[in-house]
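**Student:** The listed protein sequences correspond, in order, to chains V and S. Under numbering that gives the first Met the number 0, the first residue of the first sequence is numbered 0, with each subsequent residue one higher. Under numbering that gives the first Met the number 0, the first residue of the second sequence is numbered 0, with each subsequent residue one higher. C-beta atoms are modelled at their ideal positions from N, C-alpha and C, and glycine is treated no differently. All values reported here derive from a predicted model rather than from experimental measurement.
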Amino acid sequence: MENTINFGIDLGTTNSAIAKFIKGEVVVFTNPQDFGRSTLPSVVSFRKDKIMIGNKAKEFLEKDPKSVVGAFKRKMGTAESFKIKALNETKTPVDLSALVLKELKTFVNTGDSLESVVITIPASFDTIQSNATKEAGAQAGFKQVILLQEPIAASLAYANMKKKMDMKEGLWLVYDLGGGTFDVALVEIKNGEMKVIDHEGNNFLGGVDFDRMIVEKLLIPKIEEEYSFSSLESDMKSASGKYNAKYYVLLRRAEEAKILLSAKSSADIVIDGFEDERGNDVDFEVTITRSEFNDLIKSAIDSTTDMIKKILTNKSLKSTDIQFTLMVGGSTYIPYVRQHVQEVLQIPTNCEIDPTTAIAIGAAYYAATKPKEFNNVVQARKENAISIKPAYQKASKEKEELFAARISGNVEGLFYRITREDGGFDTGLKKLSERINEDLPLVEDAFNFFKLTVYDELNNIVETNMDLIGINSGFAISGQPIPEDICLEVDDGDNPGQTRLLLVFQKNSVLPLKRSITFPLNKTLSKESSDQVIRINILEGPHLSPPEANKGIGYMEISGDKLKKDVSKGSDIEITITMTESRDLSVSAYLNMADQEFKEIFNPKKRHTSIEYLKEQVVDLSEKLDEEIEHATEKEDYEIAGALTKLKKEMEQVEDETETLALDDESDNRYKLEDRKRKIAQEISAATQNKRVQLAKEHYFEIKEECEKMIDENGNDYERQVFNGIVEKEEIFLTTNSPLKIQEKADELDGIIRQIQWRIPEFLVDIFSWLKRDSAKMNDQNVVKYLIEIGESAIENQQWDRLKDVNYSLFDQLPRTSREQLNTRIGFGS
Amino acid sequence: MQDPRKTRFVRIPQSYLDLVNQVFEIERKTQQLKEDHSIQRNINRLKSLIESELFASNEGVGLTYHDPLGEPYSQTRTDCEASIAGNVTEDLEIVEVIKPIIFCNELGNDFGIKKIIQKAVIVAASCNKK
């Protein structure tokens, strides 16, 4: 049990935050409903059946002031209260602050039950206002509330960051310019006591005013200069104005530009998407420079320095009496604010603390020094024993799904809230009743998880029997898994003339499925030629098998004579493969260069076999069988040689029958032959599997040794990291007994070797000499001559990067045939 | 079986989100052009790269986006950051999308769980013109 309070809350006019001191460090909790943000807008919105606090409430602040309240902190300690139309009752600033405090409790994910906290208040708060803040704390369920002035909290955050708990005696300023308010305080340490001795402020000055200035003073005049509008500003700013929606778009873009201008000297704002009064499309870009922005906010910043001057005059102080100005609040990120305040006051500004969370952090440091008075933490309302009986569809294709639940137990004074686990939906706090119904919006094609949480009136969680609500949306509902891998046959770049399989859909993936894959073509197809073809062959079966051992389920050929124009080697082919729930396969191939699409649908009950391609495959398989027999005999591996020789007879029969098969044969002979061919291929593959694995392993270990040596001699940390990453998984991929998998890893290591090689001067010089020798064959002799001159000079001056570029350029000058002599069968691959 | 809820989501660098936002803008502009879907192909290709390849090797995740234009808007939608235009706050509809919703999904997780890593930035207005 912790003995100190440890929790600090910045209950701000515009934004609030909560932090905790944990083992010497302060953690600022993030807002669970607002991805990545640690602040909560201090705004509360009321609807008939629910209360929302924070960002969602803020969105409606301006437009629905009768039901949404913000900036109520300014009214703390006054008799004023807010009439809430939706509830037909009034809420005091204390009630509203208590709601914000209760919402902040939900940020805490450490399992703590909050009984004691430090809450910050402005330096300007009098006793009544301070007591009102304490009361809000009590209403939120805190049994012990300690108040701390905001400038002191900021100073503590700074002191702790600097690890100087006992700051020197003296004076400094805390300059707090946030989203909507400005405060400045003069802080002093005297006789070891830190206190605020004077302060000033403006409740209507902050970052949002700067965004408005950008829109109104810079953007609107520029739009009016370029296009025809008679009253653009009022049409934008008036809620009933024609361009009101555009005004908010511009405000957002202005805010982005403002943030960018803190890092860059200029920012571009795109203005588009509407028409002027003459029907011209508004579409242009406005560049705002940092100096334009600085001029814009100058008078606002001057008003802040005037307040400081007033404080200094009141206290008869000179600039030299002040050690520094501590900058707090998001708007102090603006470089001009920092510079200008320093220049005008001649006091150094200090921007070392995080301006948005400094006050909560300082409050937490203070909390760590204050003993807790209430340690007897009782888990709230555990005895409540709420039982929830939910009813909902676990799978849905709708955009929303109805969730209904029957609640048993005492629901009096309890609330509930349903949030989607991805952060995209929040019902807000709603009164719990015996029956609840909610429409839950679903993200398409995803598992949606929702959490139903029950709270007591102090926002403490009440335990229930409710698990997560899981609803699956989209395709995986009625789909069935595919029994085998679905693969595409591609040219094998490592073994010219051979093909291999590329996994398209993995076994057990759930139908329907769709995937697009793009490859550069490895051959040129001229539009008149009918003998040049690109083949798209879809097969079913293990993706690590050789292609001939799997079953063809879709085959399509694109020959040159079907093309509108030539397609060159290197241009893209985009292949899209779709499989429906009823296993209909459709294949489309789009040739980028010809801007032409070829499409075919294959019914699962009908097979698609090209006789011509079958003939080729059978010849190849027969050759392969002969090679394997020869190889096994050479190696004196008589067991394999015997098994393969047994296949020879069947192979010859298949070969003979295929040869005599007419290209337009309509019988089912082609399918029978294809099956027989497949069986032989499977048997060859099985018989030679060990040999291929062995070869792949040997090759892998050779490459690995070479790669390790290369890294030791010339590699960098990144390359070593990649190497270690591959080697660490060695045990897994070597035991897969898949030659392709092992080859893949050897290729990755080979990639590292090549990367290093291209940095080694000797290698670059060797390549250059080799290219120079072949230069007579190259395409553009003038360019080649020039490149060689540069290369020679690079060697002389040891400019290795330059030599590398020269080598690349010379490679490009090699005629295609010498660059790559790929024997391609499919037309694409890797 | 792996618990589908136990997903790991990495911190996505802002530049990735910037890239996705640009693709979204290009797609939106293309939809206004009268062309025979040839540019859309390139966009689909970019989207597919972003979804399954670009960040796969380092982060093990894919990114997708959703344009909520025209969808109804209410305070329960925490997947959007809204500005409300007009006088009426009932029957709101999304009329401008400045940034789309970006989802992150862990590759290799067959359960299709997505997490929002960028809320949409939108303007909503009432479709009920009082």
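Measuring only the C-alpha atoms, how far is T632(V) from P511(V)?
**Tutor:** The residue you call residue 632(V) lines up with position 633 of the first sequence. The residue you call residue 511(V) lines up with position 512 of the first sequence. Using only the alpha carbons, I get a separation of about 48 Å.
**Student:** With DSSP run on the structure shown, which of helix, strand or coil describes P12(S)?
**Tutor:** Looking up residue 12(S) in the second sequence gives position 13. If DSSP states are grouped into helix, strand and coil, P12(S) belongs with coil.
**Student:** Are the C-beta of S14(S) and some C-beta of chain V separated by less than 8 Å?
**Tutor:** The residue labelled residue 14(S) in the question sits at position 15 within the second sequence. S14(S) does not count as touching chain V.
**Student:** Contact defined as beta carbons within less than 8 Å: I believe A256(V) pairs with I213(V). What is the distance between those atoms, to the nearest angstrom?
**Tutor:** Stepping through the first sequence from its first residue, residue 256(V) is reached at position 257. Stepping through the first sequence from its first residue, residue 213(V) is reached at position 214. Rounded, the Cβ-Cβ distance is 7 Å, consistent with contact.
**Student:** Taking 8 Å as the limit between beta carbons, can you name the residues of its chain near T89(V), skipping five residues before and five after?
**Tutor:** Residue numbering aside, residue 89(V) sits at position 90 when the first sequence is read from its first letter. The residues S80, F81, K82 and I83, in chain order, have a CB closer than 8 Å to that of T89(V) in the same chain once the five nearest residues on each side in sequence are set aside.
**Student:** Three Cβ pairs or more, each shorter than 8 Å: is that satisfied between the stretch 575 to 584 of chain V and the stretch 617 to 629 of chain V?
**Tutor:** no
**Student:** Does chain V have any CB closer than 8 Å to the CB of E26(S)?
**Tutor:** The residue labelled residue 26(S) in the question sits at position 27 within the second sequence. By this cut-off, E26(S) is not an interface position.
**Student:** In its own chain, which residues sit with a C-beta less than 8 Å from the C-beta of S237(V), not counting the 5 before and 5 after it?
**Tutor:** Indexing the first sequence from 1 puts residue 237(V) at position 238. Within the same chain, S237(V) has close Cβ partners N243.
**Student:** I want to verify the contact list: residues of chain V whose CB lies under 7 Å from the CB of A124(S), in sequence order.
**Tutor:** The count along the second sequence starts at 1 and reaches residue 124(S) at position 125. Within 7 Å Cβ-Cβ: A244.
**Student:** Using beta carbons (cut-off 8 Å, strictly below), is D66(S) in contact with chain C?
**Tutor:** The displayed structure is made up of protein chains V and S, and chain C is not among them.
**Student:** Between the Cα of K28(S) and those of K803(V), D271(V) and A394(V), spot the shortest distance and give me the residue it belongs to.
**Tutor:** Numbered from 1 along the second sequence, position 29 holds the residue referred to as residue 28(S). Of K803(V), D271(V) and A394(V), the residue nearest in Cα terms is D271(V).
**Student:** So, at 7 Å on beta carbons, what are the nonlocal neighbours of K189(V) in its own chain, with the 5 sequence-adjacent residues on each side left out?
**Tutor:** Residue mapping note: residue 189(V) aligns to position 190 of the first sequence, counting from 1. Counting only Cβ-Cβ distances below 7 Å, and skipping sequence neighbours, we find E168.
**Student:** Take D421(V) and list the residues in its own chain whose beta-carbon comes closer than 7 Å to its own, dropping the five residues that flank it on each side.
**Tutor:** Here residue 421(V) refers to the residue found at position 422 when the first sequence is read from its first residue. Excluding residues within five positions, the ones whose Cβ falls inside 7 Å are V442.
**Student:** With DSSP as the reference, please indicate the residues paired to K113(S) in a beta bridge.
**Tutor:** The count along the second sequence starts at 1 and reaches residue 113(S) at position 114. Answer is N104(S).
**Student:** Between M51(V) and chain S, is any beta-carbon pair separated by less than 8 Å?
**Tutor:** Numbered from its first residue, the first sequence carries residue 51(V) at position 52. Yes, M51(V) lies at the interface with chain S (some Cβ there is under 8 Å from its Cβ).
**Student:** Which term fits Y717(V), buried or exposed, when burial requires 16 or more other beta carbons within 10 angstroms of its beta carbon?
**Tutor:** Against the first sequence, residue 717(V) aligns to sequence position 718. Y717(V) should be labelled exposed.
**Student:** Run through chain V and tell me which residues come within less than 8 Å of E80(S), C-beta to C-beta.
**Tutor:** Looking up residue 80(S) in the second sequence gives position 81. Within 8 Å Cβ-Cβ: N54 and E58.
**Student:** Looking at chain S, which residues of the stretch 411 to 427 of chain V have a Cβ within less than 7 Å of any of its Cβ atoms?
**Tutor:** D421, G422, G423, F424, D425, T426 and G427
**Student:** Checking 8 Å against the spacing of the C-beta atoms, do E95(S) and I116(S) come in under that value?
**Tutor:** Here residue 95(S) corresponds to residue number 96 of the second sequence, with the count starting at 1. Here residue 116(S) corresponds to residue number 117 of the second sequence, with the count starting at 1. Contact: no.
**Student:** Between L146(V) and the rest of its own chain, which residues show a CB-CB distance below 7 Å, the 5 nearest in sequence each way excluded?
**Tutor:** The count along the first sequence starts at 1 and reaches residue 146(V) at position 147. Contacts found: I118, I120, S129, T132 and K133.
**Student:** Does DSSP put S407(V) in a helix, in a strand, or in coil?
**Tutor:** Walking along the first sequence from the start, residue 407(V) turns up at place 408. Three-state DSSP puts S407(V) in a strand.
**Student:** Let me check understanding here. Comparing Cα to Cα, which of R434(V), E254(V), S808(V) and S792(V) lies closest to A266(V)?
**Tutor:** For the purposes of this step, residue 266(V) is taken as the residue at position 267 of the first sequence. Among R434(V), E254(V), S808(V) and S792(V), the Cα nearest to that of A266(V) belongs to E254(V).
**Student:** Identify each residue in the stretch 21 to 39 of chain V for which the Cβ-Cβ distance to at least one residue of chain S is less than 9 Å, and report them in chain order.
**Tutor:** Q32, D33, F34 and G35
**Student:** Compare the beta carbon distance of V340(V) and T324(V) with 8 Å and say whether it is the shorter of the two.
**Tutor:** Stepping through the first sequence from its first residue, residue 340(V) is reached at position 341. Stepping through the first sequence from its first residue, residue 324(V) is reached at position 325. Result yes, Cβ atoms of V340(V) and T324(V) sit closer than 8 Å.
**Student:** Specify the secondary structure class of Q756(V) as computed by DSSP and reduced to three states.
**Tutor:** Translated into positions along the first sequence, residue 756(V) becomes position 757. Residue state, collapsed to three classes: helix.
**Student:** Give me the Cα-Cα distance between P814(V) and S261(V), rounded to the nearest whole angstrom.
**Tutor:** Here residue 814(V) is taken as the residue at index 815 of the first sequence, counted from 1. Here residue 261(V) is taken as the residue at index 262 of the first sequence, counted from 1. Roughly 52 Å between the two C-alpha positions.
**Student:** Mind reading off the beta-carbon distance from T304(V) to V343(V)? Whole number of angstroms is fine, and I expect it under 8 Å.
**Tutor:** By 1-based counting over the first sequence, the position of residue 304(V) is 305. By 1-based counting over the first sequence, the position of residue 343(V) is 344. Indeed, because the Cβ distance is near 4 Å, the residues count as touching under 8 Å.
**Student:** Taking the alpha carbon of G408(V) as the point to measure from, which residue in V26(V), S15(V), A593(V) and T463(V) has its own alpha carbon closest?
**Tutor:** Taking the first residue of the first sequence as 1, we reach residue 408(V) at position 409. Comparing C-alpha distances from G408(V) to each of V26(V), S15(V), A593(V) and T463(V) shows the shortest one belongs to T463(V).
**Student:** Can you give the Cα-Cα distance for Q30(S) and D66(S), rounded to whole angstroms?
**Tutor:** As a working mapping, residue 30(S) is identified with position 31 in the second sequence. As a working mapping, residue 66(S) is identified with position 67 in the second sequence. Roughly 12 Å between the two C-alpha positions.
**Student:** If we ignore side chains and look at the alpha-carbon of each, how far apart do I516(V) and S51(S) end up?
**Tutor:** Within the first sequence, residue 516(V) is the residue found at index 517, counting from 1. Within the second sequence, residue 51(S) is the residue found at index 52, counting from 1. Answer to the nearest angstrom: the Cα atoms are 11 Å apart.
**Student:** Between the beta-carbon of F827(V) and the beta-carbon of P519(V), is there less than 8 Å?
**Tutor:** In the first sequence, residue 827(V) corresponds to position 828, counting from 1. In the first sequence, residue 519(V) corresponds to position 520, counting from 1. Closer than 8 Å, so yes.
**Student:** E255(V) lies in the alpha helix (DSSP H); which residues open and close that run?
**Tutor:** Position 256 of the first sequence holds residue 255(V). N243 to L260 is the extent of the alpha helix (DSSP H) around E255(V).
**Student:** Terminal residues of the continuous beta strand (DSSP E) containing E788(V)?
**Tutor:** The count along the first sequence starts at 1 and reaches residue 788(V) at position 789. No beta strand (DSSP E) holds E788(V); the alpha helix (DSSP H) holding it covers Q780 to E795.
**Student:** Could you tell me if R753(V) is buried or exposed, where buried requires 16 or more neighbouring beta carbons within 10 angstroms of its beta carbon?
**Tutor:** Looking up residue 753(V) in the first sequence gives position 754. Burial call: exposed.
**Student:** Would you check if the stretch 529 to 546 of chain V and the stretch 500 to 507 of chain V touch, i.e. whether three or more CB-CB distances between them fall below 8 Å?
**Tutor:** yes
**Student:** So with CB distances below 8 Å, who are the chain V contacts of Q74(S)?
**Tutor:** As a working mapping, residue 74(S) is identified with position 75 in the second sequence. Neighbours of Q74(S) on chain V, chain order: S44, R46, M51, K55, A56, E58, F59 and G427.
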